[in-house]
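Report on one structure; see the data block that follows.
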Amino acid sequence: MNNDVKSVATINDVARLAGVSKRTVSRVLNNSTKVNEATRQRILAVIESLDYAPSTQARGLASSRSYLLGLLFDDPNAVVIHSVQKGALKACAKYGYEMVVKPIDFRAETLIDEVLKFVRRSKLDGVIMLPPISNNDALAQALRDKDISYVRVGAKAVDEPARMVVSQDRIAMRQVAAAFVEAGRKEVAIVVGPRDRGASIERLEGLQTALEDLGSPLQEHYIVQGDFTYESGLQCADELLDLKNPPNAVFASNDQMAIGIIHRAQDRGVRIPEDLMVIGYDDDPMSARLRPSLSTLSRPNEAMAEAAAMRLMKDVGDAEVQASSEPLVFVPQLIQRDSTRTH
Numbered sequence: 005m006n007n008d009v010k011s012v013a014t015i016n017d018v019a020r021l022a023g024v025s026k027r028t029v030s031r032v033l034n035n036s037t038k039v040n041e042a043t044r045q046r047i048l049a050v051i052e053s054l055d056y057a058p059s060t061q062a063r064g065l066a067s068s069r070s071y072l073l074g075l076l077f078d079d080p081n082a083v084v085i086h087s088v089q090k091g092a093l094k095a096c097a098k099y100g101y102e103m104v105v106k107p108i109d110f111r112a113e114t115l116i117d118e119v120l121k122f123v124r125r126s127k128l129d130g131v132i133m134l135p136p137i138s139n140n141d142a143l144a145q146a147l148r149d150k151d152i153s154y155v156r157v158g159a160k161a162v163d164e165p166a167r168m169v170v171s172q173d174r175i176a177m178r179q180v181a182a183a184f185v186e187a188g189r190k191e192v193a194i195v196v197g198p199r200d201r202g203a204s205i206e207r208l209e210g211l212q213t214a215l216e217d218l219g220s221p222l223q224e225h226y227i228v229q230g231d232f233t234y235e236s237g238l239q240c241a242d243e244l245l246d247l248k249n250p251p252n253a254v255f256a257s258n259d260q261m262a263i264g265i266i267h268r269a270q271d272r273g274v275r276i277p278e279d280l281m282v283i284g285y286d287d288d289p290m291s292a293r294l295r296p297s298l299s300t301l302s303r304p305n306e307a308m309a310e311a312a313a314m315r316l317m318k319d320v321g322d323a324e325v326q327a328s329s330e331p332l333v334f335v336p337q338l339i340q341r342d343s344t345r346t347h
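Residue 29 in the numbering used here sits at position 25 of the sequence shown; the count goes up by one each step and never skips.
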């Protein structure tokens, strides 16, 4: 038997050595003002000497909170989900929270019931909603009715500022329009994502406005419908390149479609970027490895998710968390690579 293994300290050990009750230790752990300073310092000294760390479950019992947050998403893009989880978990780790991830179909008729059941069964303190789920106002209202804390991440502000983290896709599209127009490209096309996704509409309308402002309006026949998949990028490329006057620049609403466009264009002998400039969205790792490498709008998913988790922890009543209640807006940045460089 190994006698060198150090046993894990418990709240009972802290209470015994400090000469107080477990309730008093719990109060100190939760920053209660009901413990006098001398007792507090004695308990803190014992905690430090034992290297005691309260479990999430124990903290929850002491404070009526579970220290569990939920993350709701419906997005097949594993790269985006990975970076979102990384950012949210980074914030959770700072303050001793844990996260439960829930993929859910945003089109499901049972969406609201499923979310409420998920929150109840998992005993969550609150939830972070990613697009397109975050665009569901009825779901947000149902959460408010049940007094469940939430933060929405989305392409535009659809709620009070303290409940939102916004990616300003409309503003980001100005960078795309400028890159095309400055390169002398006047036949600009867009491959739009599903129309029931708020981000798809924001990107389309953002590009329309930006091109209009630059004196190069987006023509209706250059707007084609994709579905965020590589295969739809192939199909949309054919649709555009079969036009009597094909475009010489195209923005795809995500990188998967943009990669499909480049591959099909190359199959048809269209040179990238000499004949056709291409810009995507997401900064997928494949975009830098592609030949030619793909120019793309990079959204700070990790930072946005971290900010959302911070806001949620503050909303559930964690006094330690420093998070602003002011509007929090992130603007994706254009990364120019070979698919838009002509020299």
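In this text, a Cβ means the ideal position worked out from N, Cα and C, and glycines have one as well.
| Item | Value |
| --- | --- |
| Neighbourhood of Thr300 by C-beta, 8 angstroms cutoff - its chain only, sequence neighbours within 5 removed | Asp259, Ala262, Ile283, Gly284, Tyr285, Asp286, Asp287, Asp288, Ser291, Leu338, Ile339, Arg341 |
| Nearest to Arg345 (by Cα), restricted to the options Glu324, Ala307, Pro296, Asn305 | Pro296 |
| Cβ pair count under 8 angstroms reaching 3, the region 202 to 211 against the region 176 to 184 | yes |
| Whole-angstrom distance between Thr28 and Asp141, CA atom to CA atom | 43 angstroms |
| Inter-residue Cα distance where the pair is Asn7 and Val32 | Caution is warranted here: a pLDDT of 49 is assigned to Asn7, below 50, making its placement in the model unreliable, and no coordinate value can be reported. |
| Under the three-state DSSP convention, the category Glu113 falls into | coil |
| Between the CA atoms of Asp149 and Ile116 - distance to the nearest angstrom | 12 angstroms |
| Selection from Pro198, Leu294, Gln172, Arg125 that minimises the alpha carbon distance to Val333 | Gln172 |
| Outcome for Arg315 when other beta-carbon atoms lying within 10 angstroms are tallied against a minimum of 16 | buried |
| Selected residue, minimal CA-CA separation from Ala311, among His86, Ala181, Leu93, Ser257 | Leu93 |
| Reduced DSSP category for Gln340 - H, G, I as helix; E, B as strand; rest coil | coil |
| DSSP state of Arg44 mapped onto helix, strand, coil | helix |
| Limits of the unbroken beta strand (DSSP E) element including Ala193 | 192 to 196 |
| Cut-off 8 angstroms between Cβ atoms - residues of its own chain near Glu235, not counting five sequence neighbours on either side | Gly264 |
| Met133 versus Val119, Val157, Ser328, Gly202, residue with shortest Cα-Cα distance | Val157 |
| Residue from Val84, Glu113, Cys240, Pro221 with nearest C-alpha to Gln229 | Cys240 |
| Distance between beta carbons of Val50 and Val18, contact taken as under 8 angstroms | 5 angstroms |
| Beta-carbon gap between Leu128 and Gly74 smaller than 7 angstroms | yes |
| Rounded distance between the beta-carbons of Pro251 and Val196, thought under 8 angstroms | Between Pro251 and Val196 the Cβ distance is about 14 angstroms, and since that is not below 8 angstroms, they are no contact. |
| Contact test: Arg341 Cβ vs the ligand COA heavy atom, cutoff 6 angstroms | Ligands in the displayed structure: none, and consequently the ligand COA is not present. |
| Limits of the beta strand (DSSP E) - the one that Lys26 falls within | Here Lys26 belongs to no beta strand (DSSP E); instead the alpha helix (DSSP H) covers 26 to 33. |
| Buried versus exposed, by CB contacts within 10 Å (16 or more), Met5 | In this predicted model, Met5 has a pLDDT of only 45, less than 50, meaning its place in the structure is not dependable; the value taken from the coordinates is given anyway. That one is exposed. |
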